[in-house]
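Protein sequences appear in the order of chains A and B.
For the first sequence, this note's numbering gives the first residue as 1, with consecutive numbering after it.
For the second sequence, this note's numbering gives the first residue as 1, with consecutive numbering after it.
First comes the structure, then the notes that go with it.
2 protein chains.
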Amino acid sequence: MTELLWGSTPVPSRGPKPAVTLTGIAEAAIRIADAEGLDAVSMQRVADDLPVTKMALYRYLPGKAELIAVMTDLAMGTPPERPEQPWRETLHTWSMDLYDGFSRHPWLLLSTVGQRPIGPNEMSWIDRGIRALTGSGLSGSEQLDTIVVLTGHVRTLALQTTTMPGGRAGLTEEALLSSFTAMLTDHADRYPSLATALQTAEPDNQGLQFGLERILDGLELLITSRKGSASGY
Amino acid sequence: MTELLWGSTPVPSRGPKPAVTLTGIAEAAIRIADAEGLDAVSMQRVADDLPVTKMALYRYLPGKAELIAVMTDLAMGTPPERPEQPWRETLHTWSMDLYDGFSRHPWLLLSTVGQRPIGPNEMSWIDRGIRALTGSGLSGSEQLDTIVVLTGHVRTLALQTTTMPGGRAGLTEEALLSSFTAMLTDHADRYPSLATALQTAEPDNQGLQFGLERILDGLELLITSRKGSASGY
DNA sequence: GTTAACTGTGTCCGGTGGACACAATAATGT
DNA sequence: ACATTATTGTGTCCACCGGACACAGTTAAC
Numbered sequence: 001m002t003e004l005l006w007g008s009t010p011v012p013s014r015g016p017k018p019a020v021t022l023t024g025i026a027e028a029a030i031r032i033a034d035a036e037g038l039d040a041v042s043m044q045r046v047a048d049d050l051p052v053t054k055m056a057l058y059r060y061l062p063g064k065a066e067l068i069a070v071m072t073d074l075a076m077g078t079p080p081e082r083p084e085q086p087w088r089e090t091l092h093t094w095s096m097d098l099y100d101g102f103s104r105h106p107w108l109l110l111s112t113v114g115q116r117p118i119g120p121n122e123m124s125w126i127d128r129g130i131r132a133l134t135g136s137g138l139s140g141s142e143q144l145d146t147i148v149v150l151t152g153h154v155r156t157l158a159l160q161t162t163t164m165p166g167g168r169a170g171l172t173e174e175a176l177l178s179s180f181t182a183m184l185t186d187h188a189d190r191y192p193s194l195a196t197a198l199q200t201a202e203p204d205n206q207g208l209q210f211g212l213e214r215i216l217d218g219l220e221l222l223i224t225s226r227k228g229s230a231s232g233y
Numbered sequence: 001m002t003e004l005l006w007g008s009t010p011v012p013s014r015g016p017k018p019a020v021t022l023t024g025i026a027e028a029a030i031r032i033a034d035a036e037g038l039d040a041v042s043m044q045r046v047a048d049d050l051p052v053t054k055m056a057l058y059r060y061l062p063g064k065a066e067l068i069a070v071m072t073d074l075a076m077g078t079p080p081e082r083p084e085q086p087w088r089e090t091l092h093t094w095s096m097d098l099y100d101g102f103s104r105h106p107w108l109l110l111s112t113v114g115q116r117p118i119g120p121n122e123m124s125w126i127d128r129g130i131r132a133l134t135g136s137g138l139s140g141s142e143q144l145d146t147i148v149v150l151t152g153h154v155r156t157l158a159l160q161t162t163t164m165p166g167g168r169a170g171l172t173e174e175a176l177l178s179s180f181t182a183m184l185t186d187h188a189d190r191y192p193s194l195a196t197a198l199q200t201a202e203p204d205n206q207g208l209q210f211g212l213e214r215i216l217d218g219l220e221l222l223i224t225s226r227k228g229s230a231s232g233y
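This is the structure in structure tokens:
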């Protein structure tokens with residue numbers, strides 16, 4: 001599977017011209033997933049959108065898992081270019097860019113779950129994030145862990161707020177709040193702390209920003225403490 | 001679907017005794033998911049482990065989605081009782097408890113993705129988390145957002161480190177690191193920042209702790225600033 | 001004892017991912 | 001020009017999935 005994501009297509013010489021390309025297949029799959037959700041992406045459905053039959057797809061892909069992997073990396077794309085800025089601002093916009101990516105292709109939240117090979121585009125996202133932290137004084141592991149925390153938070157919030165065509169997921173914070181409150185009217189006694197918290201809760205849709213600021217605050221604390229103690233290090 | 005999770009079973013009077021119970025079905029499904037992964041949980045497979053046929057299950061559940069919902073809430077359980085402590089310590093152990101839960105039932109990471117009804121047990125986890133923040137000076141929304149950040153982080157790390165029987169997911173941090181490095185030996189020039197970060201990276205498996213401390217640090221910063229400015233509020 | 005409510009079963013359907021044999025095509029070596 | 005051969009495209013088949021539905025079996029209430 002790794003070859004499909006990273007390797008170059010070894011243009012064939014003999015035989016009939018291929019009717020489609022790997023990228024073409026992935027693009028068709030992306031169109032379907034965008035419009036009808038990831039569940040709608042089946043080999044048959046993809047083939048229907050191309051001048052080819054279902055089984056012909058297996059000439060380009062070993063199986064569906066590989067299709068998902070390829071379309072995932074393709075849809076992820078590369079992070080947009082941004083002007084140079086201090087690490088905190090850079091990571092902030094980087095996170096927002098990532099969030100936008102998930103908003104554009106909500107099914108990415110489903111296809112990027114579980115063990116899977118990492119494609120070149122996904123790798124470039126990581127690289128860009130790390131770049132913001134070079135010279136921060138953080139160790140390599142800490143830089144990587146930072147990216148993990150940020151992507152995790154962005155994923156979580158995107159999962160809660162984004163609407164998916166396939167029906168799965170997608171609640172605004174208001175809807176989430178109201179469904180909570182509805183559930184609690186019957187069982188307020190079982191969840192006293194949650195009940196009182198909901199009374200003073202406003203649907204501000206600020207979950208993404210809130211968590212982001214907390215994480216960046218905590219990070220800043222660590223970085224400045226490092227800078228302060230070890231000067232020439 | 002909500003009734004199944006929250007409502008009580010309206011014990012039937014007439015007719016033959018039910019051969020199984022809803023909880024029994026859910027427990028069987030949990031056993032299968034624990035041993036063979038969530039994908040192995042099919043109506044047929046569950047029925048095979050019980051003294052009923054596949055279609056009999058539909059007498060207890062409208063469909064598979066409901067089965068997943070019920071078994072998810074059941075496997076989630078209630079958070080373990082912990083002695084009273086300051087909010088930071090409480091949230092820390094709460095997060096670790098949650099992580100343990102995901103480790104025990106890795107498929108929860110897959111079944112808790114997307115829009116779905118929230119069960120009573122899951123609700124109790126939220127309530128317990130919120131409880132730690134009562135009296136912290138944070139607003140209801142902020143308390144909820146805090147729980148979101150923490151669960152998100154725990155989920156992310158559990159997803160990366162836990163091994164799933166179904167084959168999906170499950171890399172130790174070492175394995176992740178080595179696969180990264182392997183990928184980069186060929187494309188170090190494309191990802192310069194990541195490459196240098198990996199050189200100084202050690203597989204310490206500290207991702208969970210690192211992120212947790214950052215988040216809690218950021219939170220503490222907010223809480224103390226609130227306490228300092230508005231005294232009697 | 002009859003009735004009515006409820007549980008359990010067998011059959012059928014469309015859809016899925018995929019194996020495999022086979023037909024069509026086109027560039028190559030002679 | 002022609003036969004060779006690698007490669008692509010197709011049709012058929014399979015097991016499995018979730019689920020609809022009609023029907024048989026069981027048991028408590030009247």
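Glycine included, C-beta positions come from ideal geometry on N, C-alpha and C.
Every value quoted in this text rests on a predicted model; they were computed, and no experiment measured them.
My assumption, with CB atoms under 8 Å, is that L109/A sits in contact with L67/A. Please give the rounded CB distance. Actually they do not touch by this definition, with Cβ atoms about 17 Å apart.
Closer than 7 Å at the beta carbon, the chain B residues around E142/A: F210, listed in chain order.
For R155/B, does the count of other Cβ atoms within 10 angstroms reach 16, so buried, or fall short, so exposed? Taking a 10 Å sphere around the C-beta of R155/B, we find 16 or more other C-beta atoms and assign the residue as buried.
Same chain, Cβ closer than 6 Å to L150/A, neighbours up to 5 away in sequence not counted: S95
Chain A partners of S193/B, CB-CB under 7 Å? D127, I130, R131 and T134
May I ask you to report which of helix, strand or coil DSSP gives T151/A? Correct three-state label for T151/A: helix.
Going by DSSP, what residue range makes up the alpha helix (DSSP H) through L74/B? According to the DSSP assignment, L74/B belongs to the alpha helix (DSSP H) that extends over K64 to M76.
Should I68/A be flagged as near chain B, meaning a C-beta pair shorter than 9 Å? Among the residues facing chain B, I68/A is not included, as its CB has no counterpart in that chain under 9 Å away.
Kindly say whether K227/A, judged by its beta-carbon, lies nearer than 9 Å to any beta-carbon of chain B. Chain B contact via Cβ: absent.
Please confirm whether E89/A has its beta-carbon closer than 9 Å to some beta-carbon of chain B. For E89/A, no CB of chain B lies under 9 Å from its own CB, so it is not counted at the interface with that chain.
I'd like to know whether the C-beta of Q160/B is nearer than 9 Å to at least one C-beta of chain A. yes
Which residues of chain A have a Cβ atom closer than 7 Å to the Cβ of Q199/B, listed in chain order? G140
By the DSSP assignment, the alpha helix (DSSP H) with W125/B in it spans what residues? W125/B -> alpha helix (DSSP H) spans P120 to R131.
Are L138/A and L208/A touching if we call contact CB-CB under 9 Å? The Cβ-Cβ distance between L138/A and L208/A does not fall below 9 Å.
Run through DSSP, which three-state label would K17/B get? coil
Tell me whether V46/A sits in a helix, a strand or coil according to DSSP, three-state version. In the three-state DSSP reduction, V46/A falls in the helix class (H, G or I).
Looking at W87/A and I223/A, is the spacing between their C-beta atoms short of 9 Å? yes
Residue range of the alpha helix (DSSP H) that L61/B falls in? Annotation for L61/B: no alpha helix (DSSP H) segment contains it, and DSSP assigns it neither H nor E.
Closest Cα partner of I118/B within the set A182/A, S193/A, L198/A and I25/A: A182/A
Is it the case that the segment 182–200 of chain B contacts the segment 124–135 of chain A, given that we only count it when at least three CB pairs across the two stretches are under 8 Å? yes
What would DSSP say about P203/A, mapped onto helix, strand or coil? Note: P203/A maps to coil in three-state DSSP.
Using a 10 Å radius around the Cβ and a threshold of 16 neighbouring Cβ atoms, would you call Q143/B buried or exposed? buried
Using a Cβ cut-off of 9 Å, pull out every chain B residue sitting near M123/A, in sequence order please. F180, M183, L184, H187, R190, Y191 and L194
For the alpha helix (DSSP H) containing H92/B, name the first residue and the last one. W87 to R104
Which whole-angstrom value is the C-beta distance of A47/A and A56/A, which I expect to be below 8 Å? Approximately 7 Å separates the beta-carbon atoms of A47/A and A56/A; this is inside 8 Å, confirming the contact.
The segment 94–120 of chain A: which residues have C-beta closer than 9 Å to a C-beta of chain B, in chain order? L109, L110, V113, G114, Q115, R116, P117, I118 and P120
If you follow the alpha helix (DSSP H) that L109/A is in, where does it begin and where does it stop? L108 to S111
Range covered by the alpha helix (DSSP H) that runs through G24/B: L22 to E36
Using Cβ-Cβ distances below 9 Å, what residues of the segment 34–46 of chain B are close to chain A? none
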